Amino acid sequence: MTYQLFKHHLVALMVTGAISVNALAKDSFLENPSANLPQQVFKNRVDIFNNETNINENKKDIAINKANIASIEKDVMRNTGGIDRLAKQELVNRARITKNELDIQKNTKSIAENTASIARIDGNLEGVNRVLQNVDVRSTENAARSRANEQKIAENKKAIENKADKADVEKNRADIAANSRAIATFRSSSQNIAALTTKVDRNTARIDRLDSRVNELDKEVKNGLASQAALSGLFQPYNVGSLNLSAAVGGYKSKTALAVGSGYRFNQNVAAKAGVAVSTNGGSATYNVGLNFEW
């Protein structure tokens, strides 16, 4: 039996499962005792065939592994995209966390301010409560005094009605008359005080208006002096037939003024100039016009 024929028989038998490789090798040597191939060579050929079969199976496994590796690479790419998205989301979350921390700080400050305001309000409420308590105490005292006075009046009326003591009645009448005069005097004084208060209010209003006018006058004087200082800085023309333009700045205390002017010399003996100044702080403009005669 040749090697190629043996190989075909071996493949057919292995595919159908009819015989194993070792059995085929044994039977072949029994049927062909006079074969020229030694047993070791035949065994090597069987091993080569087994190796080829294993190599083919390894190739299939390699192809499967390549497909699995490609699938894993796709999964890695998807995971990489997911990681990038998670990183971007983490940046967004960090920005939101930072904003929330700033908002928390602002809220904490506002809460502290509100707490301080509440404490001040509580203090004011305590003061108001104390005032109300004092008012209640005074009201109670006044009510007690009023009841005592009413009781005394009732007693006086009863004594007057019973005419038990004419001297006391006369004294009471005198006291009542004195009290009436005192009340009338008090009312007159109250009216005088009210009139004086009205006059004082009137005078206060006049003083306020006068003070306002003095302040305005002070501003106008300072502006006027600053304007005059600026006007005095304007130049007079020197050459005959020449027209000049000049500008100057003047000041007095906190006020400043700007002045512009022009002049013309007609001849050696006659010259004229004019200028206007405006305060930088507002107010009216000032001006001057002058003629110069020389001989």
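Just so we're aligned: the sequence shown equals residues -25 to -1, 1 to 270 in mature numbering (1 follows the signal peptide of the UniProt record, and there is no 0).
Virtual Cβ for every residue (Gly too), placed ideally from N, Cα, C.
Fair warning: this is a prediction, and the values are worked out from it, not measured in the lab.
Cutting at 7 Å between CB atoms, please list the residues of its own chain near residue i, excluding the five before and the five after it.
i           : result
residue 271 : Nothing can be reported for residue 271: it is not among the residues displayed for the chain, which extend from -25 to 270.
N131        : N147
S92         : none
N178        : none
I'd like the list of long-range same chain contacts for residue i, defined as Cβ closer than 8 Å, with 5 residues on each side in sequence excluded.
i    : result
N214 : R240
A204 : G225, G226, Y227, A232
D176 : none
R95  : none
Taking the C-alpha atoms as reference points, what is the distance between residue i and residue j?
i    : j    : result
V253 : L206 : 10 Å
D186 : L233 : 29 Å
S164 : S121 : 25 Å
N219 : G208 : 14 Å
I158 : A118 : 22 Å
K63  : S46  : 26 Å
E65  : D59  : 10 Å
L171 : R184 : 20 Å
I30  : D22  : 12 Å
N104 : E145 : 48 Å
K74  : I86  : 18 Å
E48  : E27  : 31 Å
A129 : A123 : 10 Å
D2   : N25  : Only weak support exists for where D2 lies, its pLDDT of 49 falling under 50; the value from the coordinates is given anyway. So the two alpha carbons sit approximately 18 Å from each other.
A38  : V67  : 44 Å
R20  : L61  : 60 Å
N167 : N99  : 38 Å
V251 : Q211 : 14 Å
D78  : D97  : 28 Å
N154 : Q126 : 19 Å
D36  : I44  : 12 Å
E195 : A169 : 39 Å
M52  : A70  : 27 Å
On the premise that residue j lies in contact with residue i, defined as a C-beta separation below 8 Å, what is that separation, rounded to the nearest angstrom?
i    : j    : result
L192 : Y227 : About 14 Å separates the two Cβ atoms, so there is no contact after all.
G236 : S259 : At roughly 17 Å, the Cβ-Cβ gap does not stay under 8 Å, so G236 and S259 are not in contact.
N263 : A249 : 7 Å
For residue i, count neighbouring Cβ atoms within 10 angstroms of its own Cβ and tell me buried if that reaches 16, exposed if not.
i           : result
N54         : exposed
S202        : buried
N198        : buried
E173        : The identity of residue 173 in the sequence shown is Thr, whereas the question assumes Glu. Burial call: exposed.
K230        : buried
T160        : exposed
T90         : exposed
I115        : Per the sequence shown, residue 115 should be read as Thr rather than Ile. Classification of T115: exposed, given that the 10 Å Cβ count is below 16.
G257        : exposed
E6          : Only weak support is given to the placement of E6: the predicted model assigns it a pLDDT of 47, under 50, and the value that follows is read from those uncertain coordinates. It is exposed - the Cβ of E6 has fewer than 16 other Cβ atoms within 10 Å.
T83         : exposed
residue 277 : The displayed coordinates of the chain run from -25 to 270. Any statement about residue 277 would go beyond what the structure contains.
T261        : buried
Can you give me the Cβ contacts of residue i inside the same chain, cut-off strictly under 6 Å, excluding the 5 residues immediately before and after it?
i           : result
N242        : V215
residue 342 : Summary: the structure shown does not reach residue 342, with the chain confined to residues -25 through 270, and so no result is reported for it.
A223        : A205, G208, L209, A234
Compare the C-beta of residue i with all C-beta atoms of chain B and state if any pair is closer than 8 Å.
i    : result
V235 : Within the model displayed, chain B is absent; a lone protein chain is all it includes.
Note to self: Which complete alpha helix (DSSP H) runs does the stretch 58 to 134 hold, if anything under 4 residues is left out?
What the structure shows: none
Notebook entry, point to check: Taking only runs of the beta strand (DSSP E) that begin and end inside the stretch 211 to 244, which ones reach a length of at least 3 residues, in chain order?
Noted result: 218 to 227, 230 to 240
Note to self: Restricting to runs no shorter than 3 residues, where is the beta strand (DSSP E) found entirely within the stretch 138 to 210?
What the structure shows: none
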